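So in our numbering, spot 27 of the sequence shown is number 32, and the numbers just go up one at a time. We treat Cβ as the ideally placed atom computed from N, Cα and C, and that holds for glycine. Fair warning: this is a prediction, and the values are worked out from it, not measured in the lab. Please read the structure below before turning to the comments.
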Amino acid sequence: MTPLAESPPLNADRSETQQASDNSGPAAVSVVDLNTASVAELNGLKGGGMIGRAIAQRRPYASVDQLLSKRVLSRSTYERIKNQVTVR
Numbered sequence: 006m007t008p009l010a011e012s013p014p015l016n017a018d019r020s021e022t023q024q025a026s027d028n029s030g031p032a033a034v035s036v037v038d039l040n041t042a043s044v045a046e047l048n049g050l051k052g053g054g055m056i057g058r059a060i061a062q063r064r065p066y067a068s069v070d071q072l073l074s075k076r077v078l079s080r081s082t083y084e085r086i087k088n089q090v091t092v093r
């Protein structure tokens with residue numbers, strides 16, 4: 006049996022860069038509420054561009070998919086941001 010001190014670390018084959026960028030936990034993506042987020046927060050959604058003002062002007066929302074039914078966003082933009090937003 007090999008002593009633990011001689012065993013390689015569990016992630017020895019992964020570079021430090023890969024380990025640092027592995028943010029797959031719950032804090033990796035912050036979710037914002039469509040009804041309470043500021044225009045700046047909405048504009049900061051990854052893949053959304055400058056969509057904050059359009060979203061804020063058509064409040065309130067009962068569900069995230071109302072971004073499509075109210076014709077606030079195109080389907081492609083909606084697909085990019087849908088996992089970053091919620092309605093509470």
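- Secondary structure of Thr41 (DSSP, three-state): coil.
- Residue pairing by DSSP places Val90 opposite Val37 in a beta bridge.
- Your pair Arg63 and Val44 does not check out as a contact, with CB atoms roughly 13 Å apart and the cut at 8 Å.
- In this structure Ala67 touches Val92 by the C-beta definition: roughly 6 Å separates them, less than 8 Å.
- A Cβ-Cβ separation of about 5 Å places Gly53 in contact with Ile86 under the 8 Å criterion.
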